[in-house]
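Numbering (the working numbering), first residue to last: 11 to 208.
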Amino acid sequence: ENQKINYMHFFSVRKYSVNLVKMSDLKKTKKNSIALCNKYSHFLMTFSALSRKYSVNLVNISYDCNRAIKNSTEVHKSITLIFNENPKLNYTSLPCLLQNYKNGVAMSLMIIIMEKGAITKRKQVEKEASEGRLDHDQVPPIVRRSDTIAYALHAEVAHFHDERQRDFKKAMTSFLTEQINFYQKITDRLRDSLQHFN
11 ENQKINYMHF FSVRKYSVNL VKMSDLKKTK KNSIALCNKY SHFLMTFSAL SRKYSVNLVN
71 ISYDCNRAIK NSTEVHKSIT LIFNENPKLN YTSLPCLLQN YKNGVAMSLM IIIMEKGAIT
131 KRKQVEKEAS EGRLDHDQVP PIVRRSDTIA YALHAEVAHF HDERQRDFKK AMTSFLTEQI
191 NFYQKITDRL RDSLQHFN
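Right under this line is the structure:
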């Protein structure tokens with residue numbers, strides 16, 4: 011009975027958590043994407059204006075510096091594009107997984123309710139048999155049925171936890187790999203821009 015209450019609590023909290031994570035990811039994606047795009051757009055305008063100012067003086071020394079500044083402008087333009095693409099690439103595996111688990115949570119709650127009904131029926135039949143209102147031969151099949159449903163519930167929950175660990179490990183690995191790739195692209199572009207000043 012306590013295990014069933016724990017299952018019910020877990021799946022109820024899980025449903026809320028799945029919705030919360032999904033909404034947080036969407037808000038974070040939009041907020042970060044817009045803020046970072048604005049930041050890099052500001053850099054882009056600054057470097058572009060600086061490049062135009064320096065292009066007036068075409069002495070060989072300033073020509074190399076001006077070309078490097080123009081390159082920085084292009085790099086920041088490409089970084090802005092990377093930020094625009096980031097939400098599309100980053101948040102694919104996690105929301106799909108969360109949606110699958112949202113549907114699974116609803117089914118799990120229904121299974122728990124069904125198991126609770128079988129246990130209630132068993133208790134009722136055992137009580138009626140002890141009071142003599144029901145033949146004792148009718149009790150064992152109902153006890154077997156309720157035990158089977160209870161064992162199936164425990165097996166299903168154990169299987170769910172195994173799958174959950176495997177799936178979330180895979181999804182989080184994919185998510186973090188995409189994050190690393192995202193920031194690596196930016197780092198590579200900035201490093202390339204730095205080389206133009208050396």
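Even for Gly, the Cβ is constructed at its ideal location relative to N, Cα and C.
Give the secondary structure of residue 177 by DSSP, where H, G and I count as helix, E and B as strand, and everything else as coil.
Along the sequence shown, one-based indexing puts residue 177 at 167. DSSP, read as helix, strand or coil, puts residue 177 in helix.
How would you call residue 52, buried or exposed, if buried means at least 16 neighbouring beta carbons within 10 angstroms?
Stepping through the sequence shown from its first residue, residue 52 is reached at position 42. Under a 10 Å Cβ-count criterion, residue 52 is classified as exposed, with fewer than 16 other Cβ atoms of the shown protein chains found around its own Cβ.
Nonlocal neighbours in the same chain, by C-beta distance under 7 Å from residue 146, ignoring five residues either side:
Numbered from its first residue, the sequence shown carries residue 146 at position 136. Correct list, in chain order: 139.
DSSP-derived helix/strand/coil call for residue 200
Start at 1 with the first residue of the sequence shown, and residue 200 comes out as number 190. In the three-state reduction of the DSSP assignment, residue 200 falls in the helix class, which pools H, G and I.
May I ask you to verify whether the stretch 114-128 touches the stretch 144-164, counting CB pairs closer than 8 Å and requiring at least 3?
Because the criterion of three Cβ pairs below 8 Å is met, the stretch 114-128 and the stretch 144-164 touch.
Closer than 6 Å by C-beta to residue 58: which residues in its own chain qualify, once you throw out the five before and the five after it? Chain order, please.
Mapped onto the sequence shown, residue 58 falls at position 48. Exclusion of the five residues before and after residue 58 leaves 83 as the residues of its chain whose Cβ lies within less than 6 Å of its Cβ.
Could you tell me how far apart the beta carbons of residue 61 and residue 89 are, in whole angstroms, since I believe they sit closer than 8 Å?
Your numbering for residue 61 matches position 51 in the sequence shown. Your numbering for residue 89 matches position 79 in the sequence shown. With a Cβ gap of about 16 Å, residue 61 and residue 89 do not count as contacting.
Beta carbon of residue 85 nearer than 8 Å to that of residue 200:
Residue 85 sits at position 75 when you count from the first residue of the sequence shown. Residue 200 sits at position 190 when you count from the first residue of the sequence shown. With contacts defined as CB atoms closer than 8 Å, residue 85 and residue 200 qualify as a contacting pair.
Check residue 164 in the structure and name its three-state DSSP category.
Residue mapping note: residue 164 aligns to position 154 of the sequence shown, counting from 1. In the structure shown, residue 164 sits in a helix (DSSP, three-state: H, G or I).
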